[in-house]
Amino acid sequence: MMRRRAFITLLVGATVAWPLAARAQQTGMPVVGYLDASSPGASAPRVAIFRRGLAEAGYVEGRNVAIEYRWAEGRYDRLPEMAAELVRREVAVIVASTIPAAVAAKAATATIPIVFYVAEDPVKLGLVTGLARPGGNATGFNNFMAELGAKHLGLLRELLPTATRIGLMANPTNPNVEGVTKDVTAAALAIGVQIDVVRASSSSEIGVAFATLVRNRADALVVGPDSFLANRRLQVTTLATR
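Numbers in our numbering are just positions in the sequence shown, counted from 1, shifted up by 55.
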């Protein structure tokens, strides 16, 4: 898998490949829209490297480029309006981090360039028409994190060889939820492990999900790749410890 720093470097390269000034207003500096389904704290390391990469390409935030940030804090229902705000702002390019943000950006504009970072096949998500020739106004990178669900299951199996029942926590509002569920369930079937799928898109639903896992006597838990669940990792790990 590509290292995070190398990925961000490529992401910045793709962003600045489009002439930022082309869509800038005649007066003032060009504006980059940064749309993220997560939170500023969770994304801080990625954003820091992104800013550094822009600076290395000659774009310094506040000097010759502005960045408009939009954070959904795991609330995917907020992303369409946030994307629409960036379109109304007439940003030069939208950088979309995570699948929900990329899908929202793509739905909001067919003209403003979009650079995405997603964990699934962008063709299947409808972001591009092909990997070699993306077409349209979007391009970017994927790390196929969804496929790691089966790997996580394998690691749990090594740690707990006697485990026969494993929970999978997934966010039903994530556009990639079915793909993650399908991959992990198929992997579980191959090794003879039963999967209990629990779904959570709020803090209270996480509590309900754990109550279900306890009642079903699950031996372990796999948490699907998701910005909201990542932001709630302290709650998840605390409940898992109990």
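Glycine included, C-beta positions come from ideal geometry on N, C-alpha and C.
Sheet register partners of residue i (DSSP bridge)
| i | result |
| --- | --- |
| residue 116 | 120 |
| residue 223 | 252, 277 |
| residue 125 | 90 |
| residue 195 | 171 |
| residue 151 | 90, 171 |
Cβ-Cβ distance between residue i and residue j below 7 Å
| i | j | result |
| --- | --- | --- |
| residue 141 | residue 88 | yes |
| residue 157 | residue 173 | yes |
| residue 193 | residue 163 | no |
| residue 232 | residue 195 | no |
| residue 298 | residue 264 | With the chain represented from 56 up to 297, any question about residue 298 goes unanswered, as that position is not in the structure. |
| residue 123 | residue 86 | yes |
| residue 84 | residue 112 | no |
| residue 106 | residue 116 | yes |
| residue 149 | residue 90 | yes |
| residue 277 | residue 284 | no |
| residue 258 | residue 226 | no |
Own chain partners of residue i with C-beta closer than 7 Å, once the 5 adjacent residues on each side are dropped
| i | result |
| --- | --- |
| residue 197 | 173, 174, 175, 176, 177 |
| residue 272 | 220 |
| residue 76 | Residue confidence for residue 76 is low, a pLDDT of 43 falling below 50, so the modelled location carries little weight; the figure read from the coordinates is stated next. If we look at residue 76 and ignore the five residues flanking it on each side, its Cβ neighbours are 85. |
| residue 186 | 178 |
Identity of the residue in the options nearest residue i by Cα
| i | options | result |
| --- | --- | --- |
| residue 119 | 277, 110, 93 | 110 |
| residue 289 | 84, 86, 91, 97 | 97 |
| residue 269 | 295, 246, 284, 278 | 295 |
| residue 235 | 137, 105, 154 | 154 |
| residue 239 | 280, 122, 293, 144 | 280 |
| residue 152 | 143, 134, 145 | 134 |
| residue 254 | 266, 213, 181, 189 | 266 |
| residue 146 | 131, 168, 159 | 168 |
| residue 215 | 248, 228, 102, 188 | 248 |
| residue 159 | 237, 186, 125, 218 | 125 |
| residue 260 | 188, 228, 99, 143 | 228 |
Contact set for residue i: own chain, Cβ-Cβ below 8 Å, skip 5 residues either direction
| i | result |
| --- | --- |
| residue 82 | Any reading at residue 82 must be qualified, since the residue scores a pLDDT of 44, below 50, and its modelled position is unreliable; the value itself is stated next. Hits under 8 Å: none found. |
| residue 286 | 93, 94, 97, 128, 129 |
| residue 166 | 192 |
| residue 242 | 204, 205, 208, 209 |
| residue 190 | 183, 184 |
Sequence-distant residues of its chain with Cβ nearer than 6 Å to residue i (five each side left out)
| i | result |
| --- | --- |
| residue 78 | With a pLDDT of only 46 at residue 78, under 50, the local geometry of the prediction cannot be trusted, and no value is derived from it. |
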